[in-house]
Amino acid sequence: MSSPDEHDHDHGHKEDGSPLNYADDSRHDYNETDHYPLMVEAIRQLVIEKEIVKAGDVQERLDFMDSRGIELGAKIVVKAWTDPEFKTRLLADGTAAVAELDIPMADAELVVVENTADTHNLIVCTLCSCYPRTILGLPPDWYKSKTYRSRAVNEPRAVIREFGTVIADDVTVRVHDSNADMRYLVLPARPQGTDGWNDEQLTELITRDSLVGATVPAVIS
Amino acid sequence: MSETELGEPLYKTGDSVRIAVAYPPGHRRTPDYIKGKTGIVERYCGAFINPEERAYGFAGLPKKHLYRVRFEQSEVWHDYEGAAKDTLDLEFYEHWLEGEPS
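Going down the list, the sequences are from chains B and S.
Add 620 to a position in the first sequence, counting from 1, and you land on the number used in our numbering.
Add 2 to a position in the second sequence, counting from 1, and you land on the number used in our numbering.
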């Protein structure tokens, strides 16, 4: 663990790829010396002391959560891009459709929203940082920042523009506030010029931010 | 609705609902910015353990019906600067919804 003074997270800088300036809330809601983090640490030590879990189990779980990326999310998208019937089932019932790929959603339900020629979707959680972690891993720091959480709902087009994508006026922007039991995945439109590409090539087009709707995948020529 | 058992969902897709303006203490799942706004039920999501009670050590039962409601951005923010048809969806447990079921 870093010292409380050490700025060990990356938003507000360039490392996370976000062009947004979040310097105004660099600690968002979290400070390791606050009441709740200290309480969590006390509980962690208690359950280990009482042998409810082993110290190694906690670390193993943390390592597992840290190690997950967007692989499962990308797999879902590539399957939807290449199998129209799967896509239909995915949009109708996300949880059931990804179960076909042996991807469990744990306690949450998955809602998949499709970007098309006339609709663009953006995901946010204004209350905290709900995010489909089982399929996308840990959320980026910008997703958890108060700046993103407040701006995504009331000026989504400006936020997306700052990520580098201009949404045309005749395209409807639909924002989804992930405030309860659903988790959301954006199904980006398959880029033009990818006919005949295999799954590996398609997978390489998919970025984390495009699965939240902050960007769109594109073929770099 | 009975406090002890889960009844049938009151609303269905397409119903117009208003979000209650209430400020009960505790961690609630309805953000302030949407209170008092009117939208259309986009889908019924199922019944879920009530997180507003589970957060405080209660069982959160009976489960609560959960809906996704779609709002026009221009209804939510009077100074909204996007296209007129832009929308915002949120999820609500049934006790936050007001309006006559159709």
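Cβ coordinates follow ideal geometry from the N, Cα and C atoms, glycine included.
- Would DSSP call D630(B) helix, strand or coil? Here residue 630(B) corresponds to residue number 10 of the first sequence, with the count starting at 1. Low per-residue confidence applies at D630(B): pLDDT is 39, beneath 50, and the placement is therefore not dependable, though the value from the model is reported in the following sentence. Note: D630(B) maps to coil in three-state DSSP.
- Euclidean distance between Cα positions of R777(B) and G689(B): Here residue 777(B) refers to the residue found at position 157 when the first sequence is read from its first residue. Here residue 689(B) refers to the residue found at position 69 when the first sequence is read from its first residue. Here the alpha carbons of G689(B) and R777(B) stand approximately 26 angstroms from one another.
- Could you tell me the distance, in whole angstroms, from the CA atom of V718(B) to the CA atom of P64(S)? Mapped onto the first sequence, residue 718(B) falls at position 98. Mapped onto the second sequence, residue 64(S) falls at position 62. If you take the alpha carbons of V718(B) and P64(S), they lie about 28 angstroms apart.
- Query: Given that R598(B) touches chain S, what residues does it touch there, using C-beta distances under 7 angstroms?
  - Reply: Nothing can be reported for residue 598(B), as the shown portion of chain B is limited to 621 through 841.
- Task: Report the residue ranges of all alpha helix (DSSP H) runs contained in full by the region 49-79 of chain S; include only those spanning at least 4 residues, in chain order.
- Result: Inside the region 49-79 of chain S, DSSP marks whole alpha helix (DSSP H) runs of 4 or more residues at positions 53-56, 75-78, from first to last along the chain.
- Message: Could you compute how far the alpha carbon of K699(B) sits from the alpha carbon of A728(B)?
- Response: Your numbering for residue 699(B) matches position 79 in the first sequence. Your numbering for residue 728(B) matches position 108 in the first sequence. K699(B) and A728(B) have their C-alpha atoms some 21 angstroms from each other.
- Beta-carbon proximity list for V78(S), same chain, < 6 angstroms, skipping 5 on both sides: Translated into positions along the second sequence, residue 78(S) becomes position 76. Contacts found: K39, L90.
- Partner residues on chain D for K87(S), Cβ-Cβ distance less than 7 angstroms: Of the chains in the structure shown, none is chain D; the protein chains are B and S.
- The alpha helix (DSSP H) enclosing R753(B), as first and last residue numbers: For the purposes of this step, residue 753(B) is taken as the residue at position 133 of the first sequence. Per DSSP, R753(B) belongs to the alpha helix (DSSP H) from 753-756.
- Message: Does the CB of L710(B) have a neighbour CB from chain S at under 8 angstroms?
- Response: Position 90 of the first sequence, counted from the first residue, corresponds to residue 710(B). No, no contact with chain S.
- Can you tell me whether E96(S) is buried or exposed, with buried defined as 16 or more other CB within 10 angstroms of its CB? Residue mapping note: residue 96(S) aligns to position 94 of the second sequence, counting from 1. By the Cβ neighbour-count rule, E96(S) is buried, with 16 or more other Cβ atoms within 10 Å of its own.
- Item | Contact set for Y35(S): own chain, Cβ-Cβ below 8 angstroms, skip 5 residues either direction | Counting from one through the second sequence, the residue named residue 35(S) turns up at place 33. Result list for Y35(S): V78, in chain order.
- Report buried or exposed for G9(S), applying the criterion of at least 16 other Cβ atoms within 10 angstroms of its Cβ. In the second sequence, counting from the first residue as 1, residue 9(S) sits at position 7. By the neighbour-count rule (16 or more Cβ atoms within 10 Å), G9(S) is not buried but exposed.
- Message: Check whether chain B comes within 8 angstroms of L8(S), counting only Cβ atoms and requiring the distance to be less than that.
- Response: Position 6 of the second sequence, counting from 1, holds the residue named residue 8(S). Not an interface residue.
- Query: Going along the region 797-813 of chain B in order, which residues come within less than 7 angstroms of chain S, judged by CB to CB distance?
  - Reply: For the region 797-813 of chain B, which is checked against every Cβ of chain S, the residues closer than 7 angstroms are D797, N799, A800, D801, M802.
- Under 8 angstroms, do S76(S) and A86(S) count as touching if we go by C-beta distance? The residue labelled residue 76(S) in the question sits at position 74 within the second sequence. The residue labelled residue 86(S) in the question sits at position 84 within the second sequence. Their beta carbons are under 8 angstroms apart, which means S76(S) touches A86(S) by this criterion.
- Task: Assign F94(S) to buried or exposed, taking buried as 16 or more other Cβ atoms, counted over all protein chains shown, within 10 Å of its Cβ.
- Result: For the purposes of this step, residue 94(S) is taken as residue 92 along the second sequence, with counting starting at 1. By the 10 Å Cβ count, F94(S) comes out buried.
- Message: Rounding to the nearest angstrom, what Cα-Cα distance links A643(B) and K14(S) in this structure?
- Response: For this step, residue 643(B) is matched to residue 23 along the first sequence. For this step, residue 14(S) is matched to residue 12 along the second sequence. Low confidence applies to A643(B): its pLDDT is 46, below 50, so where it sits in the model is not reliable, and the reading given next is rough at best. Between A643(B) and K14(S), the C-alpha separation is close to 43 angstroms.
- Would you tell me roughly how many angstroms separate the C-alpha atoms of Y69(S) and E54(S), rounded to the nearest one? Within the second sequence, the letter at position 67 stands for residue 69(S). Within the second sequence, the letter at position 52 stands for residue 54(S). Distance between the alpha carbons of Y69(S) and E54(S): 16 angstroms.
- What residues are listed by DSSP as bridge partners for S18(S)? Residue mapping note: residue 18(S) aligns to position 16 of the second sequence, counting from 1. In the DSSP output, where bridge partners are listed per residue, S18(S) has I42(S).
- List the DSSP bridge partners of E92(S). Indexing the second sequence from 1 puts residue 92(S) at position 90. The residue you asked about is not Glu; residue 92(S) is Leu in the sequence shown. For L92(S), DSSP records a beta bridge to V71(S).
- Since I believe Y804(B) is in contact with V731(B) (beta carbons under 8 angstroms), could you give me their beta-carbon distance rounded to a whole number of angstroms? For the purposes of this step, residue 731(B) is taken as the residue at position 111 of the first sequence. For the purposes of this step, residue 804(B) is taken as the residue at position 184 of the first sequence. About 5 angstroms; that satisfies the 8 angstroms criterion.
- Query: DSSP puts N735(B) in a beta bridge; with which residues?
  - Reply: By 1-based counting over the first sequence, the position of residue 735(B) is 115. Assignment of beta-bridge partners to N735(B) by DSSP yields no partner.
- Is N799(B) closer than 8 angstroms to L92(S) when the C-beta atoms are compared? To locate residue 92(S), count along the second sequence from 1; it is residue 90. To locate residue 799(B), count along the first sequence from 1; it is residue 179. Result yes, Cβ atoms of L92(S) and N799(B) sit closer than 8 angstroms.
- Could you tell me whether the Cβ of L730(B) comes closer than 8 angstroms to any Cβ of chain S? The count along the first sequence starts at 1 and reaches residue 730(B) at position 110. Answer no: the Cβ-Cβ gap between L730(B) and chain S never drops below 8 angstroms.
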